[in-house]
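Single-structure report; data block below.
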Amino acid sequence: MSDHYFPVPSASEDLVVQKLPPAFRVCSIERYPHGDAGVLSRAALYHDAASLSVEWSDRHADNRIVAGALVSIRWRGRPTSIGGAVNIARLAVLERPMPSLNLFATVLPSWVRDRALLKRAAKLWEALPLPYRHLLNAIFWDDNRFHRFVMGPSSLNGHHNDREGNLRHSVEVAERALALAAGDPVVCEEALILAALLHDAGKADEYRLANRRLVLSDRGRLIGHRTTVIEWVAAACAKHNVDIPHDHRLALIHILSSAKGAPLWLGLREPQSLEAKLLSMADRASGEGELIRRHAPKSTGFGQYHRHLGMQPYVIVSGASEHL
Numbered sequence: 001m002s003d004h005y006f007p008v009p010s011a012s013e014d015l016v017v018q019k020l021p022p023a024f025r026v027c028s029i030e031r032y033p034h035g036d037a038g039v040l041s042r043a044a045l046y047h048d049a050a051s052l053s054v055e056w057s058d059r060h061a062d063n064r065i066v067a068g069a070l071v072s073i074r075w076r077g078r079p080t081s082i083g084g085a086v087n088i089a090r091l092a093v094l095e096r097p098m099p100s101l102n103l104f105a106t107v108l109p110s111w112v113r114d115r116a117l118l119k120r121a122a123k124l125w126e127a128l129p130l131p132y133r134h135l136l137n138a139i140f141w142d143d144n145r146f147h148r149f150v151m152g153p154s155s156l157n158g159h160h161n162d163r164e165g166n167l168r169h170s171v172e173v174a175e176r177a178l179a180l181a182a183g184d185p186v187v188c189e190e191a192l193i194l195a196a197l198l199h200d201a202g203k204a205d206e207y208r209l210a211n212r213r214l215v216l217s218d219r220g221r222l223i224g225h226r227t228t229v230i231e232w233v234a235a236a237c238a239k240h241n242v243d244i245p246h247d248h249r250l251a252l253i254h255i256l257s258s259a260k261g262a263p264l265w266l267g268l269r270e271p272q273s274l275e276a277k278l279l280s281m282a283d284r285a286s287g288e289g290e291l292i293r294r295h296a297p298k299s300t301g302f303g304q305y306h307r308h309l310g311m312q313p314y315v316i317v318s319g320a321s322e323h324l
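For the sequence shown, the UniProt record's numbering gives the first residue as 1, with consecutive numbering after it.
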């Protein structure tokens with residue numbers, strides 16, 4: 001430990017401290033024996049707006065503070081920096097979702113490498129009204145679930161089946177749906193964004209790792225992501241008192257559960273709102289578009305066959321018209 005100390009202004013006086021985010025995600029934490037049966041903890045904290053290292057001592061370690069957890073800093077009167085770590089009173093685990101915290105700004109660099117994708121996701125979150133933000137945050141407040149959502153694939157052998165594929169697909173569906181809805185006075189863009197970000201969220205629990213590869217989990221085999229996300233919506237609203245009007249919640253569930261062309265005996269409903277129709281169109285365009293791009297030929301002609309497409313995609317290479 002360094003012997004060099006320098007004062008850090010108190011939280012009440014320092015404008016920099018006041019401008020720090022209200023919450024951080026723990027990158028890493030180390031604990032050491034300290035003093036008379038005490039514990040010295042050092043943690044690296046991350047937020048897109050600021051990152052810092054902190055340390056504090058306590059009689060007992062809070063085992064809820066682990067890598068990935070959301071925490072807030074409890075400052076002491078006039079903390080000091082010791083060897084690059086700011087001395088604080090403690091970290092407090094955030095157990096209840098904060099509607100004002102953009103979760104996409106807390107995604108650790110080790111979780112998602114495509115930071116531009118996260119900025120697109122954060123921008124979509126910012127377009128939501130507070131109750132919708134509250135619902136999204138309540139669903140993803142569990143750090144393990146959120147981790148699986150942002151870094152997991154959207155399918156096992158189909159579209160966006162790579163790392164971060166589910167987040168990439170969800171963001172793309174939201175952006176495509178908004179483009180389709182542009183200027184339409186009867187479309188609720190906020191509901192469209194929320195539904196797009198949630199429509200495949202249940203896939204965070206649909207897959208599990210087995211023998212170094214992903215396979216369907218028991219939930220994935222027995223229930224599926226469509227039912228899973230509706231369960232999450234209901235649980236979040238009930239547990240965290242999310243203040244979304246009943247008709248908005250009903251409309252959201254309809255967007256998430258309706259299915260074009262589903263037989264009547266399944267008990268599913270045809271899309272009956274423009275938001276549901278637009279989401280379905282954007283979802284298909286994103287999924288099939290990714291498969292076509294991946295299996296496209298290098299020159300004009302037919303590409304590789306994929307069973308989810310049921311065809312060899314035909315592609316016209318841009319610029320060919322110049323030679324006509």
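The beta carbon of each residue, even a glycine, is placed where N, CA and C say it ideally should be. As the structure is a computational prediction, the values presented were derived from the model and not from experiment.
Residue interval of the beta strand (DSSP E) (run including residue i)
i, result
"residue 24", "24-34"
"residue 82", "80-82"
"residue 74", "70-74"
"residue 47", "38-47"
"residue 262", "Unbroken run through residue 262: none, as it is neither H nor E."
"residue 92", "90-93"
Sequence-distant residues of the same chain with beta carbon closer than 6 Å to residue i, five excluded per side
i, result
"residue 287", "159"
"residue 262", "268"
"residue 309", "291"
"residue 169", "154, 160, 286"
Residue span of the alpha helix (DSSP H) that contains residue i, given as start and end
i, result
"residue 50", "Segment 50-58 is the beta strand (DSSP E) holding residue 50; no alpha helix (DSSP H) there."
"residue 87", "Unbroken run through residue 87 is the beta strand (DSSP E), 85-87; no alpha helix (DSSP H)."
"residue 250", "246-257"
"residue 134", "130-140"
"residue 286", "274-294"
"residue 116", "115-126"
Same chain, Cβ closer than 7 Å to residue i, neighbours up to 5 away in sequence not counted
i, result
"residue 13", "Reliability fails at residue 13, whose pLDDT of 49 lies under 50, so the model's placement of it is uncertain and no value is given."
"residue 89", "56, 74, 75, 76"
"residue 171", "117, 120, 121, 124"
"residue 217", "205, 206, 207, 208"
Under 7 Å between C-beta atoms of residue i and residue j
i, j, result
"residue 50", "residue 20", "yes"
"residue 27", "residue 108", "yes"
"residue 133", "residue 97", "no"
"residue 112", "residue 103", "no"
"residue 244", "residue 131", "yes"
"residue 140", "residue 71", "no"
"residue 260", "residue 280", "yes"
"residue 242", "residue 138", "yes"
"residue 164", "residue 200", "no"
"residue 181", "residue 264", "no"
Cβ distance (whole Å) where residue i is taken to contact residue j below 8 Å
i, j, result
"residue 157", "residue 203", "Not a contact, Cβ separation roughly 13 Å."
"residue 196", "residue 174", "4 Å"
"residue 221", "residue 205", "With 8 Å as the limit, residue 221 and residue 205 do not qualify as a contact, their Cβ atoms being about 12 Å apart."
"residue 57", "residue 84", "Going by Cβ atoms, the distance from residue 57 to residue 84 rounds to 17 Å, so no, they are not a contact pair."
"residue 153", "residue 143", "About 19 Å separates the two Cβ atoms, so there is no contact after all."
"residue 282", "residue 176", "4 Å"
"residue 53", "residue 86", "7 Å"
"residue 229", "residue 198", "5 Å"
"residue 233", "residue 252", "7 Å"
Sequence-distant residues of its chain with Cβ nearer than 8 Å to residue i (five each side left out)
i, result
"residue 127", "189, 190, 193"
"residue 29", "41, 42, 43, 44, 65, 66, 67"
"residue 147", "68, 111"
"residue 303", "292, 295, 296, 297, 312, 313, 314, 315"
"residue 6", "Only weak support is given to the placement of residue 6: the predicted model assigns it a pLDDT of 41, under 50, and the question is left unresolved by the model."
"residue 122", "48, 102, 104, 105"
"residue 61", "31, 39, 41"
"residue 213", "none"
"residue 187", "181, 274, 275, 278"
Margin query: As an exercise, report each continuous alpha helix (DSSP H) stretch of at least 4 residues that is fully enclosed by the stretch 150-232, in chain order.
Written below: Taking only runs of at least 4 residues, the alpha helix (DSSP H) segments lying wholly in the stretch 150-232 are 165-181, 189-198, 218-222.
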